[in-house]
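Just below is one structure, and these are the notes that go with it.
There are 2 protein chains.
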Amino acid sequence: MINEGTLRRQHILKQLQSLQADACLLSSSVNLYYLNNRIYKGYCYLPCEGEAIHFVRRPLDLKAEDIGFPAGETGQKSPGSQPDQAHFHLIRKVEQIPGILRELGMPPAENLMLEGDELSYAEWTRLQQCFPNSRLINGSQALRKARSVKTPYEQSLIRRSAELHAASYRSIPRLFRPGMTDIELSIELERIMRLNGNLGLFRTYGADMDVFMGTVLTGDNALVSSPYDFALGGAGHPSNPIGPNGSPILPGHSVMIDMAGNFTGYLDDLSRCYSYGKLPEKAYKAHQVALELQDRLQERLKEGEICEDLYFFSLDFVASQGLADCFMGKNQQAGFVGHGVGLVINELPVLAPKMKDVLEAGMVLAIEPKFVVEGVGAVGIENTFVVGKNQGEKISLLEEEIIDLTNL
Amino acid sequence: MINEGTLRRQHILKQLQSLQADACLLSSSVNLYYLNNRIYKGYCYLPCEGEAIHFVRRPLDLKAEDIGFPAGETGQKSPGSQPDQAHFHLIRKVEQIPGILRELGMPPAENLMLEGDELSYAEWTRLQQCFPNSRLINGSQALRKARSVKTPYEQSLIRRSAELHAASYRSIPRLFRPGMTDIELSIELERIMRLNGNLGLFRTYGADMDVFMGTVLTGDNALVSSPYDFALGGAGHPSNPIGPNGSPILPGHSVMIDMAGNFTGYLDDLSRCYSYGKLPEKAYKAHQVALELQDRLQERLKEGEICEDLYFFSLDFVASQGLADCFMGKNQQAGFVGHGVGLVINELPVLAPKMKDVLEAGMVLAIEPKFVVEGVGAVGIENTFVVGKNQGEKISLLEEEIIDLTNL
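If you read the protein sequences in the order shown, they are chains A and B.
In terms of my numbering, the first sequence is residues 50 to 457.
In terms of my numbering, the second sequence is residues 50 to 457.
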């Protein structure tokens with residue numbers, strides 16, 4: 050059996066080779082955690098051949114043995130992958146790295162991959178000065194690709210998040226009290242999720258995609274556009290214009306709950322729609338279309354499908370139902386119908402135009418067909434699926450119809 | 050009276066001039082919100098002379114009149130500062146900006162300030178291609194300086210956050226139940242803070258400084274070092290190694306609660322120490338030293354003081370009390386004793402070595418002398434202060450002694 054760390058390293062090495070890079074220098078929390086099962090402030094140098102070398106600024110008391118996947122943690126029997134002392138270095142500043150590599154007899158990489166979407170311009174420039182003779186390559190997208198096919202262990206962590214997420218949502222009907230605002234309902238659900246182990250951390254790819262643990266939208270707040278590239282909007286607070294805004298939950302309104310399930314460090318995504326009493330017929334019809342579209346997409350979550358094809362299929366499907374104008378938003382329509390999940394909420398692949406990525410077994414995606422109905426709110430669904438050989442496997446299991454919060 | 054937006058623009062223009070830049074192009078949520086009272090996805094071009102120009106990618110339905118500080122919002126009577134249509138442009142991509150500037154008769158800036166600590170390398174490079182003849186300047190630190198002296202309106206927002214923060218902490222003794230873990234106590238406090246209006250958003254300067262709403266540390270979890278540059282550590286979860294880790298709160302242990310108070314978009318910072326029963330004498334002694342040091346520092350939170358002087362004064366003070374080895378941590382000691390607060394938790398100025406910044410009236414800082422006592426936990430204090438002409442004004446008001454949670 051292959052150790053978990055070895056498996057993940059192989060994912061990254063495959064991308065290194067495809068970009069003809071000789072090594073990469075990882076620096077973001079997400080990619081350090083992916084490769085090393087540990088977050089430190091510093092840099093991990095991974096050459097195409099040989100061991101990873103850890104350059105740690107903080108914590109000052111980190112040890113080599115703290116890094117890596119211990120044997121057995123993933124149910125596998127191979128030895129762990131902790132680095133030895135020669136591969137572990139406490140540093141004060143990045144400028145020490147080239148000298149240490151030289152002492153280890155490693156020539157500077159000719160082609161060095163960095164995280165160019167995550168590193169600030171200032172940091173990249175400083176690294177370029179450290180490696181003046183290296184051609185630096187922006188590997189952020191390649192690293193997202195490396196992470197897009199999940200190992201069995203990663204899948205198990207997302208499954209566990211989805212279970213705890215669904216269990217938390219089962220409390221929603223008993224959390225609701227007439228007269229509540231969207232924020233008040235969100236707070237009670239946040240508490241239940243936290244008590245069930247949610248870490249409260251919502252990691253995204255992309256700068257400034259700030260959101261709290263997720264969003265709750267009711268009534269026409271669901272129509273409000275947001276600056277962020279999430280599926281729906283909501284006015285939120287001016288300093289964080291997304292999500293609930295204190296709207297009272299009113300009879301005849303829907304409540305769309307879309308929180309992120311970070312119970313294990315790995316996120317699943319799950320949305321459910323509730324109602325205060327009966328909704329207009331149009332809302333139920335749109336909801337059924339969302340469920341039907343979800344089922345059609347599940348059939349196509351299989352090896353070999355092209356991401357953008359699934360998006361265009363979705364557009365055609367909702368157009369055939371006369372719902373194109375309110376699909377994924379009203380005043381502003383999100384340009385995707387599904388997205389990878391994992392260490393961040395928006396991993397690859399994305400089911401969106403221009404995305405030519407081919408689905409592979411083991412990718413994990415959230416599929417979220419949603420509609421906004423004026424005067425009511427949002428309806429629709431979101432579940433997390435594992436891409437399979439023949440179709441997707443739904444791993445977030447929970448009642449999918451619109452649940453009437455007053456009908457207990 | 051000067052409009053709030055005008056006042057903030059003056060703060061930025063002063064920094065532009067000191068860097069000899071002709072214009073800046075703001076892009077981060079924090080700086081867009083600072084200048085415009087509105088977050089959008091896009092860029093705000095602010096020349097040294099003339100009006101700000103808004104290049105908006107999202108939300109698609111944003112209007113010029115949505116941007117800026119309305120007259121009266123800050124209790125002032127001057128007209129608002131909304132841009133007219135010529136200064137408001139929806140764009141699809143950043144490459145459209147130079148052409149629009151030309152149409153407006155504005156030559157490209159010779160020296161253009163960008164947010165080089167926030168923009169990714171990829172984004173910066175793209176902007177450089179848009180402005181091939183401009184010298185790009187990294188203005189991130191200058192913008193942090195611009196924001197460091199708060200306007201009266203900003204101060205009022207931080208004061209309001211501090212009030213609601215202190216009110217929330219008053220619930221802590223009644224939230225505690227014997228047998229609770231640090232995470233469980235944190236969850237109940239998070240809920241109270243959220244019900245009091247906390248937005249749940251913890252914004253930081255610096256990549257990957259992820260934390261939830263703040264931290265709760267008890268017992269020897271307070272000794273665990275973190276990769277992040279916060280005052281104390283805590284094991285947290287491997288995917289987010291900071292803060293509470295599920296430690297039971299035990300008799301004889303302290304509980305240090307350090308949540309961020311984001312009730313208004315502007316953050317205050319406030320820590321209080323609690324105990325389960327009686328603590329060893331050493332803990333009370335260290336706590337008194339922290340309170341004494343806080344008072345000494347408050348006297349020096351006045352115009353003209355140099356930041357690093359206050360840090361070195363603190364080191365001398367705790368050394369004279371025999372507590373240097375556990376000041377601001379044990380295995381890893383944080384290298385500061387205070388930091389600016391505002392739109393992010395770690396604004397300028399910072400009371401740390403090499404920080405030669407001179408204090409100015411209207412700066413707002415959190416002062417947080419803390420000690421870690423082995424076998425007990427952390428003790429000490431944190432409050433938010435406004436720098437004054439003669440001394441600091443404490444704006445977070447709440448009992449400062451160690452409160453015994455079992456003594457109700």
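All residues carry an ideal CB built from backbone N, CA and C; glycine is no exception.
By the criterion of at least three beta-carbon pairs nearer than 8 Å, the region 69 to 80 of chain B is in contact with the region 88 to 100 of chain B. Interface flag for LEU454(B) against chain A is unset, since no Cβ pair is found closer than 7 Å. Relative to the Cα of GLN382(B), the nearest Cα in the group LEU342(B), LYS438(B), TYR277(B) belongs to TYR277(B). ARG252(B) is the residue among ARG252(B), LEU68(B), GLU144(B) whose C-alpha sits nearest the C-alpha of ILE394(B). Straight-line spacing of the CA atoms in GLU330(B) and ARG321(B) works out to 18 Å. Put simply, of GLY391(A), GLU341(A), ALA401(A), ARG87(A) the residue whose alpha carbon is nearest the alpha carbon of GLU354(A) is ALA401(A).
LEU75(B) is bridged by DSSP to CYS93(B). Interface with chain B (7 Å Cβ-Cβ cutoff): SER275(A) is included.
One Cα belongs to GLY148(B), the other to PHE180(B), and the distance between them is close to 11 Å.
When the Cα atoms are used, GLY371(A) and ALA216(A) turn out to be separated by approximately 35 Å. Of LEU68(A), THR267(A), PRO287(A), the smallest CA-CA separation from SER275(A) is found for PRO287(A). Per DSSP, reduced to three states, the secondary structure at TYR315(A) is coil, with no helix or strand assignment. Non-local C-beta neighbours of LEU224(A) in its own chain, meaning closer than 8 Å and more than five positions away in sequence, comprise LEU234, GLU237, LEU238, ILE241, ordered along the chain. Annotated as distal: SER303(B) and ASP453(B), with beta-carbon spacing of 7 Å or more.
Relative to the Cα of VAL428(A), the nearest Cα in the group LYS334(A), LEU446(A), THR264(A), VAL386(A) belongs to LYS334(A). Cβ neighbours of ILE306(A) within its own chain (closer than 6 Å, five residues either side excluded): VAL265, ARG321. Take GLY165(B), set aside five residues on each side of it, and the residues of its chain with a beta-carbon closer than 6 Å to its own are ASN187, SER189, in chain order. Listed along the chain, the chain A residues whose CB falls inside 8 Å of the CB of PHE261(B) are LEU248, GLY249, LEU250. Sixteen is the threshold: since fewer than 16 other Cβ atoms of the shown chains lie within 10 Å of the Cβ of LEU446(B), the residue is exposed. For GLU239(B), the chain A residues whose C-beta falls within less than 9 Å of its own C-beta are ILE236, GLU239, ARG240, ARG243, GLY249, listed in chain order.
In the DSSP assignment, PRO147(A) falls within the unbroken alpha helix (DSSP H) covering 146 to 152. Look at VAL265(A) here: in three-state DSSP terms it is strand. Pairing TYR254(B) with GLU396(B), the inter-Cα distance amounts to about 7 Å. In the structure shown, the three-state DSSP call for SER363(B) is helix. Neighbours of LEU397(B) in chain A, taken as residues whose beta carbon is under 9 Å from its own, are absent, since the nearest beta carbon is some 16 Å off. Here the alpha carbon of PHE279(B) sits roughly 14 Å from the alpha carbon of PHE420(B). DSSP, read as helix, strand or coil, puts ARG106(B) in strand.
Looking from the CA of PRO297(A), the closest CA among SER205(A), VAL390(A), ILE232(A) belongs to ILE232(A). Taking C-beta atoms as the reference points, ASN380(A) and ASP115(B) fail to come closer than 7 Å. Using a Cβ-Cβ cut-off of 9 Å, GLN381(B) is close to ARG107, PRO108, LEU109, ASP110 of chain A, given in chain order. The Cβ of ILE88(A) sits closer than 7 Å to at least one Cβ of chain B. For PRO398(B), the uninterrupted beta strand (DSSP E) segment begins and ends at 396 to 400. Pairing LEU350(B) with VAL436(B) gives a Cβ-Cβ distance under 7 Å. A distance below 7 Å between beta-carbons, with the five flanking residues on each side excluded, links PHE376(B) to the following residues of its chain, in chain order: VAL367, GLN382, PHE420. In the structure shown, ARG321(B) falls within a strand segment according to DSSP collapsed to helix, strand and coil.
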